[in-house]
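Student: Residue numbers (the numbering used here): 131 to 1214. Below you'll find the structure I mean.
Right, dumping it as structure tokens:
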């Protein structure tokens, strides 16, 4: 699992400030002036939080079992060791490379043309694995040149640089056998035995084991082996059961996290095989593959550059230095694991898996599943507070019981005094003291809720697994729960709110509308020729025409596919057009400039510059256009016509794209590679060829999803790079804008207008914005910062590399699984696998469910805590004995901690969750409603069970029983049985803290029903068959009915309790206000 600060890869673009505006701690503190910054557990945002804050809360936590409590939090020491190991491996690789280059230079072998050892043949290939790995790892340009450059190397690897490898099963198998697969050995996760080892290291359980050992020895010594082993043996058995159940639960969670980590690593990418572009898993890449690269991609394996334009790679993941390296013929080597920061290109794979530096690096480090979440930290604070109370109570009980025992106030059931000075044997007294000590320790076991923070992990693990089915892959645990607090979602339009299935439905050329848009007879031949040239060459897409005359296959982004498909219908022959001109230079599409261009050299040496991009931006650069006869006309008089055409298309929800070209004077074209690297393509005096309107329909169900958000108090904002009129039309269609009358500034605003406002004005305007059109990634970042300063919890969707800063800055970054780049995914917290806005809404629903489930578990656990503590304390102080012994309390602890967490933390989300306001990040974990429910149930249990403890002999007519010991055991067994029944029935109440009907949907939750049934069956077995271990006796059917009756009363009691109104102001504030006032005055 990634740590709190992963996802730092950002593009090195001069026109984009990627850094967050403000330290997150300061920002969060400013959101709430009533925050007590002295509270180490007051961390409401663990994304990018400084390590000092993480150390601080750990040091403040009272922990009796660190290995259990901190199992799924970030191991700060291990994280530092991991970072050190990465640095060491990187440094080692750099040293080897530097030494080799120094040696080659010394021997003057670095000069091109120096003879080197001929390559070894391996099967069908004329080069061996070692030579390939050595060349790529050590960046041996001389070796590459000796092999004949990329062309010669591709021949040795039996690869066609245009069409790729064959890609059939035999070819792939041969390549994997010769050069290995693109996988690496991973460190195994912790085994079940390791979890068992960690579970028994709980300090309180170790004390109980020691006490049980002493009790076992003394019992056998005084009562003989046959009867004397029961007391100590029963504690051993109970402790063993707790350890096994705890270890099993934790082991299952660990496996779930491993599976999710595997999903995150399984990147999908495109390669050229058999002349067509195919999508494969990163694990299926083989040596010889031709891989297209574009901005935001991860380099999937080691390789060499075939061709590229403005290709820049961020090698910080390998070198540790945040440095962008430009790749060309002089620097052609590409390292696996690096990210493409800019440009486009294609690479030939030369090394995969363990034969790459990235493979070595990943094989040497294990992926840590630890990560802080705000709820985990807060629950550690709650656990610490309850632990202190429980420890204090246990010490008090221990002292009271010891004083009563040694002063002769503790008696047996038959009235005999247990300790008489001078008469009681040492062994008997020591055994009694051990039993008293065991009771006190068991109270600590029950009172200290080490399982409370783990309940968060349990519900998060369950939610993450279920969210996968809802098309959301969680990269950071904290995002699950933070999403429940989201107050606003800033969503992209294309592909998220719309289907991303684009079709050209309108076209304007030569000052007239072409209807139908692909009717080439309505266009001059010269214009069709130029359009075909511009579409074919100024594109990252591809067209595969099967030799058998089957259906053509078009690949690329949805916009590229739509325009390529339109051009094919116009009569474009893709491969023929591409062969007729040579690409000199490419300006890849840029989300800031909203256009992309290409320079082409014709057969007659004439140079054409083609541009394609946002219609009104390209139109602004045009000075001429072709009329219907193919003659050039000045555009100045007719610009309003084209602007009106764009507005009309935009009003019909169409994405408007313009295609233009110009001639370039030969003397202005660079003649060498260095000149091309610095060449800025001319973008003025363009000739407009056509404007196309692309239809991208709204996703089905998106209007309902937006309505659900609005009903849930979550504002949806559309942030798009499209024309503001297109954005407005789609927003109205999706229900983001309620009516056309609302579509006025600042509700609907352009990115440039927002960008030019002052910081203060941006904060004021940000809350009013519903639609932002023609926005750049930096505008999105500014909007996120302004909204967060205003107190909003912001979720942001993004798919491009330049979205990374906004995804990184937002409270929850949501990247797109289909259209999203690897850089965007790494900066995000959740990947939306189907790019669908409805899936974003499901993430909100699950986020709220996490919080609700934790609150259910807290209410249930605290009820048990309070009841068990009060019953034992009052009984101990008043009578010197406790009705619930150690083994019984350990069973209750198992019901409460592990089984209770499993039952309540895995409740599926309900529709009711989306009819509430977002959960405030500083809202108390224990609400007034929970306090009400908790106190009513605990008071009832304490009252009834203490009445049974003190008056049970009379109520149950046991006073006349001649066997006083048996009567006493019957009474205590009934108390234990009734107490467990109360917890089983109260588990149903905890499901619905606010609703009267606590049974709604219970039959659909099979896990809950299974756990309740399992607990009930075990309770029957304990009472009826394991009496010797638990110090209980069999109960007749009347007493079973009494036990169930006492438990079942909690249901109507809960219904009555829920009718009692509670104040809106949290109870905690009444107690903390005086303390805060004192703190504030001291600070002042």
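We put the beta carbon where it would ideally sit given N, CA and C, even for glycine.
Please report the distance separating the alpha-carbon of residue 929 from that of residue 397.
Tutor: Those two C-alpha atoms are separated by around 15 Å.
Student: Excluding the 5 residues preceding and the 5 following residue 601 in the sequence, name in chain order all residues of the same chain whose CB lies nearer than 6 Å to its CB.
Tutor: These residues qualify, in order along the chain: 963, 964, 969.
Student: Could one say the Cβ of residue 738 lies closer than 9 Å to chain E's Cβ atoms, at least one of them?
Tutor: Absent here is chain E; the protein component of the structure consists of one chain.
Student: Looking only at C-alpha atoms, which of 1128, 946, 338 sits nearest to residue 72?
Tutor: Residue 72 lies beyond the residue range present for the chain, which begins at 131 and ends at 1214; the question has no answer from this structure.
Student: What is the residue span of the alpha helix (DSSP H) that residue 621 lies within?
Tutor: From DSSP, residue 621 is part of no alpha helix (DSSP H) but of the beta strand (DSSP E) over 618-621.
Student: How many angstroms separate the CA atom of residue 1075 from the CA atom of residue 1188?
Tutor: Going by the C-alpha atoms only, they are around 23 Å apart.
Student: Looking only at its own chain, which residues have a Cβ that is under 7 Å from the Cβ of residue 864, when we skip the five neighbours before and after it?
Tutor: Here the set comprises 627, 828, 832, 833, 836.
Student: Considering only residues of the region 499-582, which uninterrupted alpha helix (DSSP H) runs meet the minimum length of 4 residues and lie entirely inside it, listed in chain order?
Tutor: Qualifying alpha helix (DSSP H) stretches, in chain order: 504-536, 556-577.
Student: With burial defined as no fewer than 16 other Cβ atoms inside 10 Å of the residue's Cβ, what is the status of residue 1168: buried or exposed?
Tutor: So residue 1168 ends up on the exposed side.
Student: Thinking C-alpha only, which one of 880, 607, 624, 523 is nearest residue 576?
Tutor: With distances taken between Cα atoms, residue 576 lies closest to 523.
Student: Quick check: the region 377-388 against the region 322-342, are at least 3 beta-carbon pairs closer than 8 Å?
Tutor: Contact between the region 322-342 and the region 377-388 is present, because at least three Cβ pairs lie under 8 Å.
Student: Going by DSSP, name the residue or residues bridged to residue 407.
Tutor: Residue 407 pairs with 402.
Student: When the Cβ atoms of the region 1075-1094 are set against those of the region 1017-1035, are three or more pairs found closer than 8 Å?
Tutor: No, the region 1075-1094 does not touch the region 1017-1035.
Student: How many Å lie between residue 987 and residue 1034 at the Cα?
Tutor: Their Cα atoms are separated by approximately 6 Å.
Student: When burial is assigned at 16 or more other CB atoms within 10 Å of the CB, is residue 872 buried or exposed?
Tutor: Residue 872 comes out exposed.
Student: Ignore the nearest five residues each way along the sequence and tell me which others in residue 605's own chain have a CB closer than 7 Å to its CB.
Tutor: These residues qualify, in order along the chain: 132, 394, 958, 959, 960, 961.
Student: Just mark residue 894 as buried or exposed, buried being the case when its beta carbon has 16 or more other beta carbons within 10 Å.
Tutor: The residue in question, residue 894, is exposed, as its Cβ has fewer than 16 Cβ neighbours within 10 Å.
Student: To the nearest angstrom, how far is it from the Cα of residue 743 to the Cα of residue 689?
Tutor: Going by the C-alpha atoms only, they are around 10 Å apart.
Student: Among the residues of its own chain, which have a CB less than 6 Å from the CB of residue 1195, if the five just before and after it don't count?
Tutor: Here the set comprises nothing.
Student: With a Cβ-Cβ cutoff of 9 Å, do residue 821 and residue 912 count as a contact?
Tutor: No.
Student: Of all the beta strand (DSSP E) runs that stay within the bounds of the region 781-867, which reach a length of 3 or more residues?
Tutor: DSSP runs (the beta strand (DSSP E)) wholly in the region 781-867: 784-794, 816-825, 845-849.
Student: Please report how far the alpha carbon of residue 118 lies from the alpha carbon of residue 1141, in whole angstroms.
Tutor: Only positions 131 to 1214 of the chain appear in the structure, and residue 118 is not among them; the question remains open.
Student: By how many angstroms is the C-alpha of residue 1138 removed from the C-alpha of residue 909?
Tutor: Rounded to the nearest angstrom, the two C-alpha atoms are 47 Å apart.
Student: Counting pairs of Cβ atoms below 8 Å between the region 1102-1113 and the region 1142-1160, do you hit three or more?
Tutor: The region 1102-1113, when compared against the region 1142-1160, does touch it at the 8 Å Cβ threshold.
Student: Would you report the Cα separation of residue 320 and residue 392, rounded to the nearest angstrom?
Tutor: Taking the straight line from one Cα to the other gives about 16 Å.
Student: Under 8 Å by Cβ, that's how I've got residue 1101 and residue 1082 pegged, so tell me the actual separation to the nearest angstrom.
Tutor: The Cβ separation is near 4 Å, so the contact holds.
Student: Would residue 421 and residue 262 qualify as a contact pair, given that the criterion is a beta-carbon distance under 9 Å?
Tutor: It is not a contact, given that the beta carbons lie outside the stated cut-off.
Student: Is residue 396 near the ligand FMN, in the sense that its beta carbon is under 8 Å from a heavy atom of that ligand?
Tutor: Among the ligands in the structure shown, none appear at all, so the ligand FMN cannot be discussed.
Student: Measuring CB to CB, does residue 967 end up less than 9 Å from residue 650?
Tutor: Going by C-beta atoms, residue 967 is not nearer than 9 Å to residue 650.
Student: Based on the DSSP output, what are the partners of residue 422 in its beta bridges?
Tutor: According to DSSP, residue 422 bridges with 476.
Student: Does residue 976 pass the burial test, meaning 16 or more other C-beta atoms within 10 Å, or should it be called exposed?
Tutor: Buried, by the Cβ-count rule.
Student: I need the straight-line Cα distance from residue 1043 to residue 841, nearest angstrom please.
Tutor: Cα to Cα, the separation comes out at about 11 Å.
Student: Pick from 1097, 1072, 1073: whose alpha carbon is nearest that of residue 1084?
Tutor: Closest option to residue 1084, Cα to Cα, is 1097.
Student: Check this for me: beta carbons of residue 1002 and residue 992, under 9 Å apart or not?
Tutor: It is not a contact, given that the beta carbons lie outside the stated cut-off.
Student: Looking only at its chain, what residues have a beta carbon closer than 6 Å to the beta carbon of residue 1121, apart from the 5 residues adjacent to it on each side?
Tutor: Only 1128 meet the Cβ criterion.
Student: Using three-state DSSP, classify residue 1035 as helix, strand or coil.
Tutor: If DSSP states are grouped into helix, strand and coil, residue 1035 belongs with coil.
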